[in-house]
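Numbering (UniProt numbering), first residue to last: 1 to 104. In this text, a Cβ means the ideal position worked out from N, Cα and C, and glycines have one as well. Worksheet: one structure, shown below.
This is the structure in structure tokens:
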């Protein structure tokens, strides 16, 4: 799945009270693209159309960068911790502006 405004994205699961597991998406936009609510809605609609309703993210976090290993792989374990609300000052000060969503 691709969108012309998205540079890269990663998806992780988090514990959800009703569904068992919810979906958080972390999206890095291309240079010059502003993170807007209309783009967020467009991305959710695109996922529903291309993959299906079960794959729709519950939350999309705009990320200036995604954490990566030396070889360039996205470190999803860090994203899972962030999705679970288990992050420390190093993570937030280094690469994130976290907005904790209300999922309940």
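Verify whether the separation of the beta carbon atoms of residue i and residue j is less than 7 Å.
i, j, result
"residue 79", "residue 9", "no"
"residue 33", "residue 5", "yes"
"residue 74", "residue 68", "yes"
"residue 24", "residue 83", "yes"
"residue 55", "residue 30", "no"
"residue 12", "residue 70", "no"
Could you check where the beta strand (DSSP E) with residue i kicks off and where it finishes?
i, result
"residue 28", "20 to 29"
"residue 44", "Note, residue 44: premise wrong, no beta strand (DSSP E); alpha helix (DSSP H) at 37 to 50."
May I ask which residues mark the beginning and end of the alpha helix (DSSP H) holding residue i?
i, result
"residue 74", "Taken as a continuous stretch (DSSP letters only), residue 74 belongs to no alpha helix (DSSP H), as it is neither H nor E."
Between residue i and residue j, which are expected to be in contact by the criterion C-beta below 8 Å, what is the C-beta distance as a whole number of angstroms?
i, j, result
"residue 14", "residue 20", "Contact flag wrong, Cβ pair sits at about 11 Å."
"residue 57", "residue 47", "7 Å"
"residue 3", "residue 43", "6 Å"
Indicate the three-state DSSP secondary structure (helix, strand or coil) for residue i in the structure shown.
i, result
"residue 99", "For residue 99, the predicted model reports a pLDDT of 43, less than 50, meaning its position is unreliable and no value from the coordinates is stated."
"residue 10", "strand"
"residue 15", "strand"
"residue 61", "strand"
"residue 34", "coil"
"residue 84", "coil"
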